[in-house]
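Undergrad: Residue numbers (our numbering), protein chains in the order written: chain B, 676 to 997; chain A, 2 to 217. Just so it is clear, CB atoms sit at the ideal spot from N, CA and C, and this is done for glycine as well. Here's a structure for you.
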Amino acid sequence: MPVRTPHFPDLLFGPAERLRRWEDALMGLLAAHGYRELHPSLVLRDTVPDGALRFFDGDELVALRWDFTMALAGLLARRFPEPPERVSYAGAVFRRPVQPWEAVERFEVGCERITTEGQSSTEADVELARLLMAIPGVLGLKSAILHMGNAALVRRPLEAEGLSPELAAEVVAALSRRAPHRVAQALEGHPSAARLSAHAQALLSELDGPASLAALSASPYAELLQEEVDHMDRALQALLPILPPNLELRVDLADVAGLDFYTGPTLRLWAPGAQQELAAGGRYDRLFPGLGRPWKAAGFCVRLSRLLDLAETRPDLFEQPR
Amino acid sequence: MNAPAILIAFPKGRLGDELVPLLAGTALALDAQALKSRVLRIPTATPGVSALLLKGADLPRYVAAGVASLGIVGSDTLDEMDMDLLELADLGFGACRLSLCALAGVSLDELRAKPHLRLATKFPRATEAWLTREGLTAELVPLSSSAELAPLLGLADAIVDLVQTGGTLKAHGLVETAVLGRSSARLVAARGAYLSEPGRIRPLADTLIAALKGCG
Numbered sequence: 676m677p678v679r680t681p682h683f684p685d686l687l688f689g690p691a692e693r694l695r696r697w698e699d700a701l702m703g704l705l706a707a708h709g710y711r712e713l714h715p716s717l718v719l720r721d722t723v724p725d726g727a728l729r730f731f732d733g734d735e736l737v738a739l740r741w742d743f744t745m746a747l748a749g750l751l752a753r754r755f756p757e758p759p760e761r762v763s764y765a766g767a768v769f770r771r772p773v774q775p776w777e778a779v780e781r782f783e784v785g786c787e788r789i790t791t792e793g794q795s796s797t798e799a800d801v802e803l804a805r806l807l808m809a810i811p812g813v814l815g816l817k818s819a820i821l822h823m824g825n826a827a828l829v830r831r832p833l834e835a836e837g838l839s840p841e842l843a844a845e846v847v848a849a850l851s852r853r854a855p856h857r858v859a860q861a862l863e864g865h866p867s868a869a870r871l872s873a874h875a876q877a878l879l880s881e882l883d884g885p886a887s888l889a890a891l892s893a894s895p896y897a898e899l900l901q902e903e904v905d906h907m908d909r910a911l912q913a914l915l916p917i918l919p920p921n922l923e924l925r926v927d928l929a930d931v932a933g934l935d936f937y938t939g940p941t942l943r944l945w946a947p948g949a950q951q952e953l954a955a956g957g958r959y960d961r962l963f964p965g966l967g968r969p970w971k972a973a974g975f976c977v978r979l980s981r982l983l984d985l986a987e988t989r990p991d992l993f994e995q996p997r
Numbered sequence: 002m003n004a005p006a007i008l009i010a011f012p013k014g015r016l017g018d019e020l021v022p023l024l025a026g027t028a029l030a031l032d033a034q035a036l037k038s039r040v041l042r043i044p045t046a047t048p049g050v051s052a053l054l055l056k057g058a059d060l061p062r063y064v065a066a067g068v069a070s071l072g073i074v075g076s077d078t079l080d081e082m083d084m085d086l087l088e089l090a091d092l093g094f095g096a097c098r099l100s101l102c103a104l105a106g107v108s109l110d111e112l113r114a115k116p117h118l119r120l121a122t123k124f125p126r127a128t129e130a131w132l133t134r135e136g137l138t139a140e141l142v143p144l145s146s147s148a149e150l151a152p153l154l155g156l157a158d159a160i161v162d163l164v165q166t167g168g169t170l171k172a173h174g175l176v177e178t179a180v181l182g183r184s185s186a187r188l189v190a191a192r193g194a195y196l197s198e199p200g201r202i203r204p205l206a207d208t209l210i211a212a213l214k215g216c217g
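Spelled out as structure tokens, the structure:
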């Protein structure tokens with residue numbers, strides 16, 4: 676009998692009830708905004724990525740669903756000549772944990788907003804941000820923080836400087852650690868070292884309200900990134916007047932999580948004192964073209980397993996259900 | 002329920018010995034009485050903020066898990082571990098070299114020429130990275146302490162270890178044959194604490210940086 680606990684959580688009464696209630700409430704919110712549920716199979720028979728939970732079905736290697744967005748993208752690209760504009764999902768994904776305390780089975784609710792040529796990405800991004808802003812209230816969180824970033828703020832300067840994939844990965848890892856000294860160390864001797872180090876300083880200088888965008892004016896890439904800055908500014912102007920009272924909006928210029936996937940604005944929801952983000956998403960315009968479809972998309976995922984853990988360890992962060 | 006107390010992880014040993022006096026008189030000065038006792042959780046001059054005294058190799062795990070919100074640890078330890086945490090500043094003190102060291106009289110070329118090189122170290126990742134850069138292969142002998150004994154007693158041809166003054170090497174008849182990297186104390190933070198409670202964590206980080214940066 677194995678003595679090391681594999682992290683497949685059993686939910687007993689309270690958490691099970693909470694999961695059911697939150698799933699219903701979140702799917703209800705999404706449905707009210709026109710999002711229709713798709714439920715991709717739990718078993719994937721095509722590409723089996725690293726990190727997925729894999730096993731043999733007879734002679735065939737299969738994997739359990741490890742990510743809803745990827746599973747849905749495959750399904751949508753295969754089955755729909757024109758995409759549904761709004762899609763939601765709920766269920767479990769299975770991933771090998773990177774850290775020993777992470778669960779293998781994780782419960783999620785999320786949505787994807789797909790646009791075709793001629794439709795506005797900005798409006799879609801604002802729509803998703805507004806939905807995400809409503810989620811703390813739906814879940815009964817007393818207060819929350821919404822971080823807004825933009826993957827292009829890092830991606831475009833790295834591409835403009837023609838960094839090798841290895842060096843770019845080192846710079847991104849240093850930014851992920853919020854360690855400007857590591858950025859400088861990684862770039863030592865590279866022709867772009869001074870420029871990219873100055874850019875890293877600008878990205879890491881602020882983690883505050885909407886005024887943080889101004890920090891980018893000190894970047895050598897300020898002109899290159901003007902379009903992204905304008906996009907973020909427009910989104911902020913649309914969101915600030917409707918900010919719920921218990922939600923704080925912060926601009927996180929150095930958000931590089933998922934940089935190989937995200938192409939534009941990113942959103943992350945935190946609760947004060949939470950050790951992990953509770954929901955995350957953003958724009959990923961390269962996914963569908965990679966599957967042969969000229970569609971753009973953005974979405975977010977609410978990490979219910981983390982919320983269940985938080986409700987157990989920090990019940991003070993939640994309103995008591997009536 | 003009030004917000005839980007904030008814990009800051011400080012390293013025991015060489016780095017810890019250097020930083021305790023530097024914090025005296027600051028908002029994060031460690032309680033002198035508690036330091037004299039055997040307790041490992043020490044109150045600071047700021048109510049609601051305590052220090053944990055931890056072994057360097059364990060410290061990043063406490064911070065990555067969010068148990069401690071901030072910590073101070075050598076970059077050599079960070080580089081050996083794949084921990085998801087933030088590294089807010091290079092504090093500069095505790096500077097030392099990560100070096101390949103062999104018995105006096107044994108050159109780097111002689112080590113390179115060995116058909117089966119054995120290196121004893123508690124820094125396998127940094128050693129492997131150096132071997133890759135140099136195009137060498139070696140058998141790594143994992144040790145957790147007193148690596149200097151390995152070449153003397155025939156356990157390994159050389160060691161990869163931290164060198165600060167070189168006094169310990171000299172006492173064992175060893176010399177540095179190559180410098181693989183440099184290490185210094187880093188201020189680390191739990192990603193969750195830093196991003197979700199910057200109002201509580203950043204002032205403490207700033208206090209540590211002001212007290213410790215460049216004091217080496």
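Between which two residues does the alpha helix (DSSP H) harbouring Arg82/A extend?
TA: According to the sequence displayed, residue 82/A carries Met and not Arg. Per DSSP, Met82/A belongs to no alpha helix (DSSP H) and is neither H nor E.
Undergrad: Between Ala973/B and Gly182/A, what straight-line distance do the alpha-carbon atoms span, to the nearest angstrom?
TA: 42 Å
Undergrad: Any C-beta of chain B within less than 9 Å: which residues of the region 187-213 of chain A qualify?
TA: Under the 9 Å Cβ criterion, the region 187-213 of chain A contributes Arg187, Val189, Ala190, Ala191, Arg192, Gly193, Ala194, Tyr195, Leu196, Ser197, Glu198, Pro199, Gly200, Arg201 and Arg203.
Undergrad: Out of Thr138/A, Asp83/A, Phe124/A and Ala103/A, state which residue places its alpha-carbon closest to the alpha-carbon of Glu149/A.
TA: For Glu149/A, the closest C-alpha among the options Thr138/A, Asp83/A, Phe124/A and Ala103/A is that of Ala103/A.
Undergrad: Please list the segments of the beta strand (DSSP E) lying wholly inside the region 110-196 of chain A, counting only runs of 3 or more residues, in order along the chain.
TA: Fully enclosed beta strand (DSSP E) runs of 3 or longer: 119-122, 140-143, 159-164, 175-184 and 186-190.
Undergrad: Can you tell me whether Arg192/A is buried or exposed, with buried defined as 16 or more other CB within 10 angstroms of its CB?
TA: Within a 10 Å sphere around the beta-carbon of Arg192/A sit 16 or more other beta-carbons, which makes this residue buried.
Undergrad: In three-state DSSP terms, what is Trp741/B?
TA: Coil, per DSSP.
Undergrad: Whose C-beta lies closer than 6 Å to the C-beta of Leu982/B among residues of the same chain, with five residues either side of it excluded?
TA: Leu953
Undergrad: Restricting to runs no shorter than 3 residues, where is the beta strand (DSSP E) found entirely within the region 738-805 of chain B?
TA: Runs found: 761-769 and 780-790.
Undergrad: Name, in chain order, the residues that DSSP records as bridge partners for Pro12/A.
TA: Leu55/A
Undergrad: Output needed in chain order: residues of the region 112-129 of chain A with a Cβ under 7 Å from some Cβ in chain B.
TA: none
Undergrad: Is the separation between the beta-carbon of Leu16/A and that of Leu24/A shorter than 8 Å?
TA: no
Undergrad: When every heavy atom of the ligand SAH is checked, does at least one fall within less than 7 Å of the C-beta of Ala130/A?
TA: This structure lacks the ligand SAH, and indeed carries no ligand of any kind.
Undergrad: Give the single residue among Thr45/A, Arg42/A, Gly72/A and Pro48/A whose Cα lies nearest to the Cα of Arg187/A.
TA: Gly72/A
Undergrad: How many angstroms separate the CA atom of Ile160/A from the CA atom of Asp984/B?
TA: Computed Cα separation, rounded: 44 Å.
Undergrad: Nearest by alpha-carbon distance to Ser76/A: which of Ser147/A, Leu163/A and Ala66/A is it?
TA: Leu163/A
Undergrad: With 7 Å as the limit, tell me which residues of the region 834-866 of chain B have their beta carbon closer than that to any beta carbon of chain A; keep them in chain order.
TA: Arg852, Arg853, Ala854, His856 and Arg857
Undergrad: Report yes or no: is there a C-beta of chain B within less than 8 Å of the C-beta of Ala65/A?
TA: yes
Undergrad: Looking only at its chain, what residues have a beta carbon closer than 7 Å to the beta carbon of Asp1/A, apart from the 5 residues adjacent to it on each side?
TA: Because residue 1/A is not part of the residues shown, which for chain A are 2 to 217, the question remains open.
Undergrad: Using a C-beta cutoff of 8 Å, does Ala85/A count as contacting chain B?
TA: It should be pointed out that residue 85/A corresponds to Asp in this sequence rather than to Ala. It does: the Cβ of Asp85/A has a partner Cβ on chain B nearer than 8 Å.
Undergrad: Closer than 8 Å, CB to CB, is Ile810/B near chain A or not?
TA: no
Undergrad: Using the beta-carbon count (16 or more within 10 Å), is Asp158/A buried or exposed?
TA: buried
Undergrad: Enumerate in chain order the residues of its own chain whose CB-to-CB distance from Ala105/A is below 6 Å, with the five nearest sequence positions on each side excluded.
TA: Gly174 and Val176
Undergrad: With 7 Å as the C-beta to C-beta threshold (strictly closer), list the residues of the region 933-954 of chain B near chain A in chain order.
TA: Residues Trp945, Ala946, Pro947, Gly948, Ala949, Gln950 and Gln951.
Undergrad: Under a three-way DSSP split, which group does Val858/B fall into?
TA: For Val858/B, the three-state secondary structure derived from DSSP is helix.
Undergrad: So for Asp927/B, helix, strand or coil by DSSP?
TA: coil
Undergrad: Please list, in chain order, all residues of the same chain as Leu812/B whose beta carbon is under 7 Å from its beta carbon, the five residues on each side excluded.
TA: Per the sequence shown, the amino acid found at residue 812/B is Gly instead of Leu. Within the same chain, Gly812/B has close Cβ partners Pro919.
Undergrad: If you draw a straight line from the C-alpha of Phe688/B to the C-alpha of Glu987/B, how long is it?
TA: 13 Å
Undergrad: What is the C-beta distance between Ala913/B and Val801/B, in whole angstroms, given that I count them as a contact (C-beta under 8 Å)?
TA: Right, the Cβ-Cβ distance comes to about 5 Å (below 8 Å), so this counts as a contact.
Undergrad: Can you say whether Gln950/B is buried or exposed, counting buried as having 16 or more other CB atoms within 10 angstroms of its CB?
TA: buried
Undergrad: Buried or exposed: Ser980/B, going by 16 or more other Cβ atoms within 10 Å of its Cβ?
TA: buried
Undergrad: Residues in the same chain with beta-carbon distance under 8 Å from His708/B, minus the five sequence neighbours each way, listed in chain order, please.
TA: Arg761, Glu802 and Leu806
Undergrad: Distance cutoff 8 Å, beta carbons only. Does Glu88/A sit that close to anything in chain B?
TA: yes
Undergrad: Got a sec: is the Cβ-Cβ distance from His682/B to anything in chain A below 8 Å?
TA: no
Undergrad: 8 Å is my cut-off, CB to CB: does Asp59/A come that close to chain B?
TA: no
Undergrad: When you compare the CB positions of Ala877/B and Ala893/B, do they come within less than 8 Å of one another, or not?
TA: yes
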